[in-house]
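4 protein chains.
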Amino acid sequence: MAIRALVWGENLHEQKNKAVAENYPIGMHGQIAKLLSEDKNISVSTVTLQDPEHGLSEARLNETDVLLWWGHAAHDMVDDVIVKRVMERVWQGMGLIVLHSGHHSKVFKGLMGTPANLHWREAGERERLWVVNPGHPIAKGLGEYFELEYEEMYGEPFSVPEPLETVFVSWFQGGEVFRSGLTYRRGAGNIFYFRPGHETYPTYHDANVGKVLRNSVNWAFNADRHAELMKAPNTPVASSIEPLVERGAKLTNADHAGEVAGAKK
Amino acid sequence: MAIRALVWGENLHEQKNKAVAENYPIGMHGQIAKLLSEDKNISVSTVTLQDPEHGLSEARLNETDVLLWWGHAAHDMVDDVIVKRVMERVWQGMGLIVLHSGHHSKVFKGLMGTPANLHWREAGERERLWVVNPGHPIAKGLGEYFELEYEEMYGEPFSVPEPLETVFVSWFQGGEVFRSGLTYRRGAGNIFYFRPGHETYPTYHDANVGKVLRNSVNWAFNADRHAELMKAPNTPVASSIEPLVERGAKLTNADHAGEVAGAKK
Amino acid sequence: MAIRALVWGENLHEQKNKAVAENYPIGMHGQIAKLLSEDKNISVSTVTLQDPEHGLSEARLNETDVLLWWGHAAHDMVDDVIVKRVMERVWQGMGLIVLHSGHHSKVFKGLMGTPANLHWREAGERERLWVVNPGHPIAKGLGEYFELEYEEMYGEPFSVPEPLETVFVSWFQGGEVFRSGLTYRRGAGNIFYFRPGHETYPTYHDANVGKVLRNSVNWAFNADRHAELMKAPNTPVASSIEPLVERGAKLTNADHAGEVAGAKK
Amino acid sequence: MAIRALVWGENLHEQKNKAVAENYPIGMHGQIAKLLSEDKNISVSTVTLQDPEHGLSEARLNETDVLLWWGHAAHDMVDDVIVKRVMERVWQGMGLIVLHSGHHSKVFKGLMGTPANLHWREAGERERLWVVNPGHPIAKGLGEYFELEYEEMYGEPFSVPEPLETVFVSWFQGGEVFRSGLTYRRGAGNIFYFRPGHETYPTYHDANVGKVLRNSVNWAFNADRHAELMKAPNTPVASSIEPLVERGAKLTNADHAGEVAGAKK
Chain P
23 MAIRALVWGE NLHEQKNKAV AENYPIGMHG QIAKLLSEDK NISVSTVTLQ
73 DPEHGLSEAR LNETDVLLWW GHAAHDMVDD VIVKRVMERV WQGMGLIVLH
123 SGHHSKVFKG LMGTPANLHW REAGERERLW VVNPGHPIAK GLGEYFELEY
173 EEMYGEPFSV PEPLETVFVS WFQGGEVFRS GLTYRRGAGN IFYFRPGHET
223 YPTYHDANVG KVLRNSVNWA FNADRHAELM KAPNTPVASS IEPLVERGAK
273 LTNADHAGEV AGAKK
Chain U
23 MAIRALVWGE NLHEQKNKAV AENYPIGMHG QIAKLLSEDK NISVSTVTLQ
73 DPEHGLSEAR LNETDVLLWW GHAAHDMVDD VIVKRVMERV WQGMGLIVLH
123 SGHHSKVFKG LMGTPANLHW REAGERERLW VVNPGHPIAK GLGEYFELEY
173 EEMYGEPFSV PEPLETVFVS WFQGGEVFRS GLTYRRGAGN IFYFRPGHET
223 YPTYHDANVG KVLRNSVNWA FNADRHAELM KAPNTPVASS IEPLVERGAK
273 LTNADHAGEV AGAKK
Chain L
23 MAIRALVWGE NLHEQKNKAV AENYPIGMHG QIAKLLSEDK NISVSTVTLQ
73 DPEHGLSEAR LNETDVLLWW GHAAHDMVDD VIVKRVMERV WQGMGLIVLH
123 SGHHSKVFKG LMGTPANLHW REAGERERLW VVNPGHPIAK GLGEYFELEY
173 EEMYGEPFSV PEPLETVFVS WFQGGEVFRS GLTYRRGAGN IFYFRPGHET
223 YPTYHDANVG KVLRNSVNWA FNADRHAELM KAPNTPVASS IEPLVERGAK
273 LTNADHAGEV AGAKK
Chain C
23 MAIRALVWGE NLHEQKNKAV AENYPIGMHG QIAKLLSEDK NISVSTVTLQ
73 DPEHGLSEAR LNETDVLLWW GHAAHDMVDD VIVKRVMERV WQGMGLIVLH
123 SGHHSKVFKG LMGTPANLHW REAGERERLW VVNPGHPIAK GLGEYFELEY
173 EEMYGEPFSV PEPLETVFVS WFQGGEVFRS GLTYRRGAGN IFYFRPGHET
223 YPTYHDANVG KVLRNSVNWA FNADRHAELM KAPNTPVASS IEPLVERGAK
273 LTNADHAGEV AGAKK
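Chains as they are written, first to last, in this note's numbering: chain P, 23 to 287; chain U, 23 to 287; chain L, 23 to 287; chain C, 23 to 287.
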């Protein structure tokens, strides 16, 4: 069965900025979906910020294996309920690909536990992405490096946790560098951050970018869901694996009052 | 100058449960502070949930190098403003030692980006902490392992990100294991999670536990603060490091409306 | 096309020890191969220490995607030429699954850069392997834990580098713990160390062990080979990506005499 | 007591190449030692390839806390006995700072378990080292980045294991990037690889380079030595921590013949 990818688009600048609209007549989400659809193993659809529940209803997420997230100007308009829902899905095994300015999305910052800050400059400069981890599945089929002639610069330090693996490092014409492809696991969910994708440039028409996106969806896919990771269950003494005799003082039920309902103790 | 450690205590069960009160007549925070004070390089003080701003005012945090956090039953009573403040301090370089049931604190879950769930059992069983990383500064002066005859069991899977390093792994009498000492960096802040510390047992009277706590404060200490990590500044083309000529389409000021104030773009 | 797995067996104790021979009438390598053959996506064959070139000729390795290594008493009998050859294959993308006492093989120690020491006890005790990373592909289809009623104990500290991810942690009846499933990447090659497998016990007849082995072969598989990682080429100034004018003093050809032939400078 | 740093220099090109000799009239090792001596907490001395045992006798290493290694053209002239000795010292807790072309030293490749290859170009081009991990002790006191106007280029992929943490990433004028500051732990020993340092340029006269070297020595220092990590001892059933009754079949003493003497079983 194909991997069910869902592209989430903010879909704002396509409506307001002429250059963006010309770059992406079918929307950025539409163009990203088009890149993914070149892989017959991926079944792709799109939703946007403007959809009810931002398109991320429980039902929709039930049918999603890997979510791709492009947002920029309206991170604060994303409802906290939906943010929490997406994070919980990732913890249970849904893959997540965070694109470019999505580094400042509530979902990404929430999953990283850091501000995910960086330096930036919008000057249409050259970016060269070097493959520093050629054996990683996300780099499959790429050369030593690939270039994007027009990109926004993101500069280090990128305040994110040390990744599981660094896949790409970018060189920028203006003198900066950036760790442009980073992998994480949070709970049972695989996360990939991929730097390029400024809306005023034709990044999502680039063949190498398409390859990376398709590779990353295949890499992030996990067919299983781990609902058990959402709970902190008590393991009663009576059913302990090894024989165990209860000892020592205990908390009372009253002591437990106030604890997170359904969570622990 | 001594490292300024601040012990944050929930200070609830000491007031309500006789066994806890007897174990910790000066409060758990008080006893933890006492362990730290054995190190002349550490200057220690305590605050509790009940203090104004939970004792974590801006002024107080200005004077704190490493914060230790023990909480259990009242995680939800900790004000979100304070949670955010503590997280921001960690990102800028304050050390954080999270103790036992603090795994479910808002601060820890927020910094991990995961639910930090686990299995648990309160049966006064034997815990044996093995040093799996003998060269780590936090394990300095310990033997191959140390035992706590009475402890609460925490069992895997512990849903936290893969750590920078695993320092301890626990064996439990009832048949479980747990990664009991884990290090992280978030922004410029060092974080150590240390598993033992159930309130109905005398854990914070144990000599090895004291050693680990003192080691961890020394390890987590970072004299510098990195306020620059809290911003995502624009680097103007005019002041680019390498010569750069601006090209391509741009977003307008109107496009930037709605972005996070003071944060990015 | 199926993944081509090759099981390497030391094949000594099967010949000398009655219990081992009874456990593994088709050899340990034969039994491991049998477990792998349950996966239709895996095409498996076996070689042993006694074969010419220990069965690991260039031709044979050309047809190998993932190598599984079981050795114990004769690590020193493995020719250094073959050790180097296997390591070079891993660096270029061949997967490697190191089993049990293979932790002391020259190949594993060479790839880890550490002595890979541990404590051990042969007492037929109970081992319980906890899944600490339930979303990892190698843990797919397993429960929270699985048990091996008879196993040799390996105890921490296991002197190996911090892994990419820890998949299993073992509890032992006698009181020890061990990180029993560890992943690494060296060059383009995926490596998995899996602890159980003592020859006097029926470990390789266990259904869960079979599942882990099949999962690990699927996880370690990389169809590509990266011969370019075996070289340190000069990038001439004349063909630099960005325009570059040579400056400063240089080494002479004579200075380079003595350098590693074909390697660097 | 001061940290005892020992600088190991190949000391060849200083003797043969006029530019190198002019850059480093007291030898590269001498100049590196001079940079370290600015820290009153560091007591520094030097040895070279030409010394008996390359200056790395057991007695000398007994008095060494952190070893710095600069070599380039004569890696193959370093005796394997000394290489093994140095690696064993690192495993037991001696710190190691590997400089520039030392990436191809036997010691570094042996500790990494990888070929440590890369691309290179000697063109006196500009290198800009960005601090990607500003809270790391090795980056203490540095700005956002520092520049070396004349350096040799090293380009990715650098075939080394994923580090514990990446501290620096370099931008090169000719278009390449490189992970220029990487930390590892092998056994109980801390390892830092620091990229700059080509002998025909005045790199070791740079104030920021000096700061990094001093920081790295302080970071790598571990006062303790862990000889126990060099052994794989048997833990007899009779002295098991938890009560244990021996069961199952066993290997015989004859089965153990051929095993690594003094190592395991």
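A virtual CB, placed ideally from N, CA and C, is assigned to each residue, including glycine.
Identified DSSP bridge partners for residue i
{"i": "Trp91 of chain L", "result": "L:Trp30 and L:Val120"}
{"i": "Arg143 of chain P", "result": "P:Met175"}
{"i": "Ile48 of chain U", "result": "Answer by DSSP bridge pairing: none, since Ile48 of chain U is not bridged."}
{"i": "Ser79 of chain C", "result": "DSSP lists no partner for Ser79 of chain C."}
{"i": "Ile25 of chain P", "result": "P:Ile64"}
Counted within 10 angstroms of its Cβ, other Cβ atoms place residue i as buried (16 or more) or exposed
{"i": "Ala95 of chain U", "result": "buried"}
{"i": "His278 of chain P", "result": "exposed"}
{"i": "Ser262 of chain L", "result": "buried"}
{"i": "Gln37 of chain U", "result": "exposed"}
{"i": "Ile48 of chain P", "result": "exposed"}
{"i": "Met134 of chain P", "result": "buried"}
{"i": "Thr274 of chain C", "result": "exposed"}
{"i": "Trp99 of chain L", "result": "As written in the sequence, residue 99 of chain L is Met, which differs from the Trp given in the question. Exposed: under 16 other Cβ atoms inside 10 Å."}
{"i": "Met23 of chain U", "result": "exposed"}
{"i": "Val42 of chain U", "result": "buried"}
{"i": "Val267 of chain C", "result": "exposed"}
Option in the options with minimal Cα separation from residue i
{"i": "Glu187 of chain L", "options": "L:Tyr226, L:Lys233 and L:Val153", "result": "L:Val153"}
{"i": "Lys253 of chain P", "options": "U:Trp193, U:Ser181, U:Phe243 and U:Phe200", "result": "U:Ser181"}
{"i": "Lys128 of chain C", "options": "C:Ser59, C:Gln114 and C:Arg107", "result": "C:Arg107"}
{"i": "Gly15 of chain P", "options": "P:Gly132, P:Leu83, P:Glu44 and P:Arg148", "result": "Only positions 23 to 287 of chain P appear in the structure, and residue 15 of chain P is not among them; the question remains open."}
{"i": "Ser59 of chain L", "options": "L:Phe214, L:Lys131 and L:Leu235", "result": "L:Leu235"}
{"i": "Asp87 of chain U", "options": "U:Arg247, U:Glu184, U:Arg150 and U:Arg26", "result": "U:Arg26"}
{"i": "Trp241 of chain U", "options": "U:Tyr206, U:Pro224 and U:Val69", "result": "U:Tyr206"}
{"i": "Lys56 of chain U", "options": "U:Ala229, U:Arg201 and U:Asn244", "result": "U:Ala229"}
{"i": "Gly31 of chain P", "options": "P:Lys62, P:Val66 and P:Gly93", "result": "P:Gly93"}
{"i": "Asn237 of chain U", "options": "U:Asn212, U:Thr257, U:His248 and U:Val259", "result": "U:Asn212"}
Residue i in three-state terms, based on DSSP
{"i": "Val112 of chain L", "result": "helix"}
{"i": "Glu184 of chain L", "result": "coil"}
{"i": "Ser262 of chain C", "result": "coil"}
{"i": "His212 of chain U", "result": "At residue 212 of chain U the sequence reads Asn, which differs from the His that was named. If DSSP states are grouped into helix, strand and coil, Asn212 of chain U belongs with the strands."}
{"i": "Leu71 of chain P", "result": "coil"}
{"i": "Lys286 of chain L", "result": "Any reading at Lys286 of chain L must be qualified, since the residue scores a pLDDT of 44, below 50, and its modelled position is unreliable; the value itself is stated next. Lys286 of chain L: coil per DSSP, three-state reduction."}
{"i": "Gly203 of chain C", "result": "strand"}
{"i": "Ser59 of chain U", "result": "coil"}
{"i": "Arg150 of chain L", "result": "strand"}
{"i": "Tyr167 of chain C", "result": "strand"}
{"i": "Phe194 of chain L", "result": "strand"}
{"i": "Ser65 of chain U", "result": "strand"}
{"i": "Asn230 of chain P", "result": "helix"}
{"i": "Val189 of chain P", "result": "strand"}
{"i": "Asn256 of chain P", "result": "strand"}
{"i": "His158 of chain C", "result": "coil"}
{"i": "Asn39 of chain P", "result": "coil"}
{"i": "Glu268 of chain L", "result": "coil"}
Handout entry: Where the stretch 174-190 of chain L meets chain U: residues whose CB sits under 9 Å from a CB there
Key = Gly177, Glu178, Pro179, Phe180, Ser181, Glu184, Pro185, Leu186, Glu187 and Thr188
Practice task
Taking only beta carbons into account, state which residues of the stretch 225-245 of chain U come closer than 7 Å to chain P, listed in chain order.
Solution key: none
Practice task
Can you give me, in chain order, the residues of the stretch 188-208 of chain U that have a beta carbon less than 7 Å from any beta carbon in chain C?
Solution key: Arg207
Exercise for the section: Note down, in chain order, all residues in the stretch 70-81 of chain L with a beta-carbon under 9 Å from any beta-carbon belonging to chain P. Expected result: none
Problem - Near-chain C residues of the stretch 117-139 of chain U - C-beta to any C-beta below 7 Å - result: none
Practice task
Pull out every residue of the stretch 144-164 of chain C whose Cβ sits closer than 8 Å to any Cβ of chain P, in chain order.
Solution key: Arg150, Trp152, Val153, Val154, Asn155 and Pro156
Problem - Residues in the stretch 266-279 of chain P having any Cβ partner in chain U nearer than 9 Å - result: Leu266, Val267, Glu268, Arg269, Gly270, Ala271, Lys272, Leu273, Thr274, Ala276, Asp277, His278 and Ala279
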